[in-house]
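Residue numbers (my numbering): 17 to 71.
All remarks here apply to the structure that follows.
And the structure:
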């Protein structure tokens with residue numbers, strides 16, 4: 017999954033965690049455990065993230 021994100025964003029895989037943490041700090045995304053796979057997590061865009069995307 018990290019590889020897919022890195023390709024889509026045109027960044028290195030090593031940059032993804034820092035970018036995710038910044039979005040979490042800005043309340044643009046929400047992270048929750050994935051109920052189907054407890055090793056991973058699920059990211060969703062928050063209302064704040066939608067507002068930022070629209071502008």
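By construction, the Cβ of each residue, glycine as well, lies at the ideal position given by its N, Cα and C atoms.
Counting only residues of its own chain and dropping the five nearest sequence neighbours on each side, residue 32 has a CB closer than 7 angstroms to the CB of 18, 21, 22.
Contact check for residue 47 against residue 36 passes: the beta carbons are separated by less than 9 angstroms.
Straight-line spacing of the CA atoms in residue 59 and residue 68 works out to 16 angstroms. Residue 41 and residue 53 have their C-alpha atoms some 25 angstroms from each other. Distances from the CA of residue 62 to each of 30, 39, 34 were compared; the closest alpha carbon is that of 39.
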